[in-house]
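Shown next, in structure tokens, is the structure this report addresses.
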Amino acid sequence: MTHDARDVALARRLGSPRRKMAELDLLGSILSSMERPPAAADGETRRRAREQAARMKNLQEQEKRQKVEFRKRMEQEVSQFIQATGEPRRRFQPMNKIERSILHDVAEVAGLTSFSFGDDEDSRYVMVFKKEFAPSDEELEAYRRGEEWDPARAEERRRLRELAAQQEEAELERGPAPPGPPNDYKDKYRHLIGSDAAKAAARTMEANKAYGCVPVANKRDTRSIEEAMNEIRAKKRLRQAEDEGGAGGGPGGPCM
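By the UniProt record's numbering, the letter at position 225 of the sequence shown is numbered 225, and the numbering carries on one by one without gaps.
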């Protein structure tokens with residue numbers, strides 16, 4: 001075999017340079033898409049875990065510093081409140097749950113009473129009371145309803161409640177009142193002759209203590225005494241004349 005023939009055979013076995021480059025590019029793509037070796041992947045995971053732990057530690061330390069600073073500020077305000085005269089209670093600005101918990105603890109250590117009020121988390125606030133001005137249940141209910149506490153108004157409501165309770169107790173001691181006699185003719189005759197007839201009877205009847213109930217027309221006499229006496233005498237003479245006429249005009253009497 002000549003030298004040229006050997007070169008041709010070798011070129012056929014190795015292939016063209018362009019084909020070789022294409023095969024190398026394909027191999028590189030396959031290797032790139034494959035997962036990294038386990039050692040390299042574990043190292044990256046550990047690095048990310050260390051970074052996350054460092055961030056969490058920084059956040060915790062920052063939160064701790066904020067709590068310490070907030071507690072110092074609340075201790076100063078509570079101390080000022082204790083020293084203030086004429087201030088039985090103090091309302092603090094709305095704060096989150098952690099801050100409210102810190103303020104409650106500061107108030108308890110200082111010997112004060114504290115309560116939280118508000119409908120939702122964003123509007124809840126703490127009110128601190130001095131021991132000698134501890135709130136009553138009625139005052140607390142007013143704050144829970146979102147109302148301002150008015151001692152004078154509360155005292156008036158308390159007085160009215162006591163008065164109503166006393167009246168109710170007195171009525172219970174007296175017991176039910178016995179039913180009295182009817183004081184109206186409508187009530188007296190309603191169960192016998194009905195409502196309409198009772199009203200008519202009440203209009204046409206009057207009470208008479210000596211003779212009972214008689215029609216008004218029969219009870220009233222508009223004649224004078226002289227007229228009444230003359231009428232009585234006339235009736236008497238008429239009866240006498242009738243008696244005499246009956247005695248003389250009967251059977252067997254004289255003929256005229």
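From the three backbone atoms N, C-alpha and C, an ideal C-beta is built for every residue, glycine too.
Problem - Beta-bridge partners of Thr113, as assigned by DSSP - result: Along the sequence shown, one-based indexing puts residue 113 at 113. Phe129.
Problem - Any chain D beta carbon closer than 8 angstroms to Leu59 - result: Annotation note: the requested chain D is absent from the structure, which comprises a single protein chain.
Handout entry: Cα-Cα separation, Glu77 to Arg159
Key = Taking the first residue of the sequence shown as position 1, residue 77 is located at position 77. Taking the first residue of the sequence shown as position 1, residue 159 is located at position 159. Using only the alpha carbons, I get a separation of about 37 angstroms.
Exercise for the section: Enumerate in chain order the residues of its own chain whose CB-to-CB distance from Ser114 is below 6 angstroms, with the five nearest sequence positions on each side excluded. Expected result: Position 114 of the sequence shown, counted from the first residue, corresponds to residue 114. Cβ neighbours of Ser114 within its own chain (closer than 6 angstroms, five residues either side excluded): His104, Ala107, Val126 and Val128.
Practice task
Identify whether Arg90 lies in helix, strand or coil by the three-state DSSP scheme.
Solution key: Residue 90 sits at position 90 when you count from the first residue of the sequence shown. Residue state, collapsed to three classes: strand.
Exercise for the section: Drop a sphere of 10 angstroms on the beta-carbon of Ile102, count the other beta-carbons inside from all chains shown, and report buried for 16 or more, exposed for fewer. Expected result: The residue labelled residue 102 in the question sits at position 102 within the sequence shown. Residue environment analysis places Ile102 among the buried positions, since at least 16 neighbouring C-beta atoms fall within 10 angstroms of its C-beta.
Handout entry: Reduced DSSP category for Arg73 - H, G, I as helix; E, B as strand; rest coil
Key = Here residue 73 is taken as the residue at index 73 of the sequence shown, counted from 1. Three-state result, Arg73: helix.
Practice task
Drop a sphere of 10 angstroms on the beta-carbon of Arg90, count the other beta-carbons inside from all chains shown, and report buried for 16 or more, exposed for fewer.
Solution key: Position 90 of the sequence shown holds residue 90. Arg90 should be labelled buried.
Practice task
Spatial neighbours of Arg71 within its chain, please: CB distance less than 6 angstroms, with the 5 preceding and 5 following residues excluded, ordered by chain position.
Solution key: As a position in the sequence shown, residue 71 is number 71, starting the count at 1. Taken in chain order, the residues that qualify are Ile102.
Exercise for the section: Report the rounded CA-to-CA distance for Ser116 versus Ala53, giving the unit in angstroms. Expected result: Sequence index remark: in the sequence shown, residue 116 carries index 116 (1-based). Sequence index remark: in the sequence shown, residue 53 carries index 53 (1-based). C-alpha separation (whole angstroms): 36 angstroms.
Exercise for the section: Give me the Cβ distance between Phe81 and Glu87, rounded to the nearest whole Å; I'm assuming they're in contact under 8 angstroms. Expected result: Reading the sequence shown from its first residue, position 81 is the one you call residue 81. Reading the sequence shown from its first residue, position 87 is the one you call residue 87. About 7 angstroms separates the beta carbon of Phe81 from that of Glu87, a gap short enough to meet the 8 angstroms contact definition.
Handout entry: Spatial neighbours of Arg73 in its chain, beta-carbon cut-off 7 angstroms, leaving aside the 5 residues before and after
Key = On the sequence shown, position 73 is the one that residue 73 refers to. Nothing listed; no residue qualifies.
Exercise for the section: Using alpha carbons as the reference points, say which of Pro94, Ala154, Gln166 and Asn58 lies closest to Glu138. Expected result: Residue numbering aside, residue 138 sits at position 138 when the sequence shown is read from its first letter. Per the C-alpha coordinates, the member of Pro94, Ala154, Gln166 and Asn58 positioned closest to Glu138 is Ala154.
Handout entry: Extent of the continuous alpha helix (DSSP H) to which Arg159 belongs
Key = Taking the sequence shown and counting its residues from 1, one reaches residue 159 at position 159. Here the alpha helix (DSSP H) through Arg159 covers Pro151 to Arg174.
Handout entry: Top-ranked residue by Cα proximity to Gly118, from Phe133, Asn96 and Thr85
Key = Numbered from 1 along the sequence shown, position 118 holds the residue referred to as residue 118. Distances from the alpha-carbon of Gly118 to those of Phe133, Asn96 and Thr85 put Asn96 closest.
Practice task
May I have the straight-line CA-CA distance separating Lys64 from Arg124, to the nearest angstrom?
Solution key: Taking the sequence shown and counting its residues from 1, one reaches residue 64 at position 64. Taking the sequence shown and counting its residues from 1, one reaches residue 124 at position 124. Those two C-alpha atoms are separated by around 23 angstroms.
Problem - Option nearest Lys131 by Cα separation, candidates Gly111, Arg157, Gly146 and Tyr143 - result: Your numbering for residue 131 matches position 131 in the sequence shown. Scanning Gly111, Arg157, Gly146 and Tyr143 for the CA closest to the CA of Lys131 turns up Gly111.
Handout entry: Burial state of Phe92, where buried means 16 or more other Cβ atoms lie within 10 Å
Key = Stepping through the sequence shown from its first residue, residue 92 is reached at position 92. Buried, because 16 or more other Cβ atoms sit within 10 Å of the Cβ of Phe92.
Handout entry: Straight-line Cα distance separating Arg157 from Arg145
Key = Along the sequence shown, one-based indexing puts residue 145 at 145. Along the sequence shown, one-based indexing puts residue 157 at 157. Looking at the two C-alpha atoms, the distance is approximately 17 angstroms.
Exercise for the section: Note the first and the last residue of the continuous alpha helix (DSSP H) segment covering Arg144. Expected result: Within the sequence shown, numbered from 1, the residue matching residue 144 stands at position 144. Annotation for Arg144: the continuous alpha helix (DSSP H) segment containing it runs Asp137 to Arg144.
Problem - Sequence-distant residues of the same chain with beta carbon closer than 6 angstroms to Trp149, five excluded per side - result: As a first step, residue 149 must be located in the sequence shown, where it is residue number 149. The answer, listed in chain order, is Glu139 and Ala142.
Problem - Buried or exposed by the 16-neighbour rule on C-beta atoms within 10 Å, applied to Arg100 - result: Taking the first residue of the sequence shown as position 1, residue 100 is located at position 100. Arg100 is classed as buried because its beta carbon has at least 16 other beta carbons within 10 Å across all chains shown.
Exercise for the section: Report the rounded CA-to-CA distance for Ala152 versus Gln60, giving the unit in angstroms. Expected result: As a first step, residue 152 must be located in the sequence shown, where it is residue number 152. As a first step, residue 60 must be located in the sequence shown, where it is residue number 60. When rounded, the distance between both Cα atoms is 49 angstroms.
Handout entry: Distance between Ala134 and Glu162 (C-alpha atoms, nearest Å)
Key = Looking up residue 162 in the sequence shown gives position 162. Looking up residue 134 in the sequence shown gives position 134. Looking at the two C-alpha atoms, the distance is approximately 23 angstroms.
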